[in-house]
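Input: a single structure, listed below in structure tokens.
Chains as they are written, first to last, in the numbering used here: chain A, 101 to 506; chain B, 4 to 144.
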């Protein structure tokens, strides 16, 4: 019997890896210097630590250390990238191409620019697996397009987009390519050169680092990409992001990237085994369960499933000793089903029935077995309580029913 | 979202889950809500044709914990009540009993509608001249 409650929501956040925590600890107290203090050893020590972290992050994504800009997290990185590009290149154009299943940090940055009259945005659809078609990207480009923003892997259904292909199209057309790689960097191999990425957002807390720190990769060469700063101040980070550096957090982000790179291959094999076991266990024991997301082009730790005839929130309530999520953590306070699942075209009914399992570094096989049992039992219990399950078993086509609600 | 103890109790130990036979002439069935809205409640009431008292109730609900709790509570609430009394039950009574937060008020509205729909259905089969109550919009409030 595993220790309860079980955490299986690793797309939302992850615990800090003990190796990361250990590296961070001295920077809270004895090594507390300001990395911008150029005239004493406290500052030099902090600057050295920051530079080491820059190197660790750059190595993970095959970038140069000076191309890494530290931020407060991926939301800030996305905002800085999108608004920064649109502002800097306003003489060149004002059109953005993105997609409907992006994170709110991207979508709402685009909407803010639209509202302010600073940009026009094309929101590309995705196929039934949640994948963007690179051809759609190509067709959406106009003479006014200055930015393509497509995420590396989706946070809800785990689908991995054909990023290298999209990047190639961007570079052929001389358009800046921003990629929100929060769920991918440190999880699957990401290479800004191979993938033709110009701007890339990542976050520490999704890869066993601390919350409140992230980075934005800004391509320096081939081509050099420019962004306008979105915050005024001391001109830190080569003028792109002012504000005293969060040295402790940055040290943690660097170490988290180093560990992630070192263990990635082995960790992915293990996560794939666990994920496939969880998926097989659920699909063998329950009828009418549907996989959301791509069957193969998917993050190793992701499993998103719709349990027909069972409402997702009630299932979460039943799984009270297992932390999983329905929709995404950012939208779980609303009653609307996930916009990502809806975009796959599965229908609102199945969108209401979706659960996301996020396996991570510290999940065990015993936990997978326990969760499989709990999910199976709870889905069966709720289906016994579900009028829809009863009607379906009686052979009633639920789509033919005139529901008394508008 | 934090659930009240009463919602959790009804969710874990729902009262009167199940279905009555469809052919049973004394049973009125109300189905309200829609799958695409994330809530469907089926409420069945066995009503004595002489006394017009609700003698038994069953429910099945597709919906969140608060929707399940609202329908479970309603089956307890209506038992032993005359249909006129049951028709007068307001969703606010369900909200108060279960301590539903504002975002879950619609669950109580749906449960109130289910009572009206079930009694309306029963009346239809018993030649009652009164028209069935129009269900309100399921997601209001």
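Even glycine gets a Cβ: it sits at the ideal position worked out from N, Cα and C.
Predicted model only: the values in this text are computed from it and were never measured.
Beta-carbon proximity of residue 497 of chain A to residue 39 of chain B, cut-off 8 angstroms:
Sequence index remark: in the first chain, residue 497 of chain A carries index 397 (1-based). Sequence index remark: in the second chain, residue 39 of chain B carries index 36 (1-based). No; because the gap between Cβ atoms is not below 8 angstroms, this pair is not in contact.
According to DSSP, residue 36 of chain B sits in a beta bridge with which residue or residues?
Reading the second chain from its first residue, position 33 is the one you call residue 36 of chain B. For residue 36 of chain B, which the question treats as bridged, DSSP gives the partners A:504 and B:43.
Kindly indicate the opening and closing residues of the beta strand (DSSP E) around residue 314 of chain A.
Taking the first residue of the first chain as 1, we reach residue 314 of chain A at position 214. Residues 314 to 318.
Compare the Cα-Cα distances from residue 60 of chain B to each of B:51, B:9 and B:6 and report the closest residue.
Along the second chain, one-based indexing puts residue 60 of chain B at 57. Ranking the options by Cα distance to residue 60 of chain B, first place goes to B:51.
Three CB pairs or more closer than 8 angstroms across the region 218 to 237 of chain A and the region 435 to 444 of chain A
yes
Between residue 361 of chain A and the rest of its own chain, which residues show a CB-CB distance below 7 angstroms, the 5 nearest in sequence each way excluded?
The residue labelled residue 361 of chain A in the question sits at position 261 within the first chain. 159 and 160, listed in sequence order.
Is there a Cβ from chain B that is less than 8 angstroms from the Cβ of residue 429 of chain A?
For the purposes of this step, residue 429 of chain A is taken as residue 329 along the first chain, with counting starting at 1. Caution applies to residue 429 of chain A, whose pLDDT of 42 falls short of 50 and renders its modelled position unreliable; the model cannot decide the point.
Roughly how many angstroms separate the alpha carbons of residue 324 of chain A and residue 335 of chain A, rounded to a whole number?
Here the question's residue 324 of chain A lines up with position 224 in the first chain. Here the question's residue 335 of chain A lines up with position 235 in the first chain. Roughly 19 angstroms between the two C-alpha positions.
Do residue 74 of chain B and residue 62 of chain B have their beta-carbon atoms positioned less than 8 angstroms apart in this structure?
Position 59 of the second chain, counting from 1, holds the residue named residue 62 of chain B. Position 71 of the second chain, counting from 1, holds the residue named residue 74 of chain B. Contact flag set, yes.
Taking residue 456 of chain A as part of the beta strand (DSSP E), name the residues at either end of that continuous run.
Walking along the first chain from the start, residue 456 of chain A turns up at place 356. From DSSP, the beta strand (DSSP E) with residue 456 of chain A extends over 454 to 458.
Select from the region 55 to 68 of chain B all residues with a C-beta closer than 9 angstroms to any C-beta belonging to chain A, and list them in chain order.
62, 63, 64, 65, 66, 67 and 68
DSSP bridge partner residues for residue 390 of chain A (one or two, in chain order)
Position 290 of the first chain, counted from the start, is the residue given in the question as residue 390 of chain A. Bridge partners of residue 390 of chain A: A:406.
Is it buried or exposed, residue 156 of chain A, if we count other Cβ atoms within 10 angstroms and call 16 or more buried?
By 1-based counting over the first chain, the position of residue 156 of chain A is 56. So residue 156 of chain A counts as buried.
Per DSSP, what are the beta-bridge partners of residue 377 of chain A in this structure?
Locating residue 377 of chain A in the first chain gives position 277, counting from the first residue. Answer is none; residue 377 of chain A lacks a bridge partner.
Name the chain A residues that come within less than 9 angstroms of residue 6 of chain B, Cβ to Cβ?
Stepping through the second chain from its first residue, residue 6 of chain B is reached at position 3. Here the neighbours are 417.
Determine which residues of the region 485 to 499 of chain A have a Cβ less than 7 angstroms from any Cβ of chain B, and write them out in chain order.
485, 486, 487, 488, 490 and 498
Residue 13 of chain B: first and last residue of the uninterrupted alpha helix (DSSP H) it sits in:
Locating residue 13 of chain B in the second chain gives position 10, counting from the first residue. Taken as a continuous stretch (DSSP letters only), the alpha helix (DSSP H) holding residue 13 of chain B covers 8 to 15.
Nonlocal neighbours in the same chain, by C-beta distance under 7 angstroms from residue 259 of chain A, ignoring five residues either side:
Mapped onto the first chain, residue 259 of chain A falls at position 159. Cβ neighbours of residue 259 of chain A beyond the five flanking positions: 229, 230, 231, 253, 393, 394, 397 and 398.
How far does the beta strand (DSSP E) with residue 62 of chain B in it reach, from first residue to last?
For this step, residue 62 of chain B is matched to residue 59 along the second chain. Start and end: 57 to 65.
Name the chain E residues that come within less than 9 angstroms of residue 503 of chain A, Cβ to Cβ?
No chain E appears in this structure, whose protein chains are A and B.
When DSSP labels each residue in this structure, what does residue 442 of chain A get in the three-state scheme?
As a working note, residue 442 of chain A is residue 342 in the first chain. Here residue 442 of chain A sits in helix by DSSP.
Does residue 429 of chain A come out as helix, strand or coil in the three-state DSSP assignment?
Working through the first chain from its first residue, we reach residue 429 of chain A at position 329. Confidence at residue 429 of chain A is low in this model, with a pLDDT of 42, below 50, so the placement of that residue should be treated as unreliable; the coordinate-derived value is given next. Coil, per DSSP.
Short check: CB of residue 357 of chain A to CB of residue 307 of chain A, under 8 angstroms?
Walking along the first chain from the start, residue 357 of chain A turns up at place 257. Walking along the first chain from the start, residue 307 of chain A turns up at place 207. Contact: yes.
By Cβ distance, which residues of its chain are closer than 6 angstroms to residue 251 of chain A, with the 5 residues on each side in sequence left out?
In the first chain, the residue the question calls residue 251 of chain A occupies position 151. Contacts found: 202 and 280.
Check whether the region 477 to 488 of chain A and the region 408 to 423 of chain A touch, using three or more Cβ-Cβ pairs below 8 angstroms as the test.
yes
Taking any Cβ of chain A, which residues in the region 67 to 96 of chain B have a Cβ under 7 angstroms from it, in chain order?
67, 68 and 71
Going along chain B, which residues have a C-beta under 7 angstroms from residue 452 of chain A?
Along the first chain, read from residue 1 onward, the residue named residue 452 of chain A stands at position 352. Those are 41, listed as they occur along chain B.
Taking CB distances under 8 angstroms as the criterion, tell me whether residue 280 of chain A reaches chain B.
Looking up residue 280 of chain A in the first chain gives position 180. So, not an interface residue.
In whole angstroms, what is the alpha-carbon distance linking residue 104 of chain A and residue 474 of chain A?
By 1-based counting over the first chain, the position of residue 104 of chain A is 4. By 1-based counting over the first chain, the position of residue 474 of chain A is 374. Cα-Cα distance, rounded: 12 angstroms.
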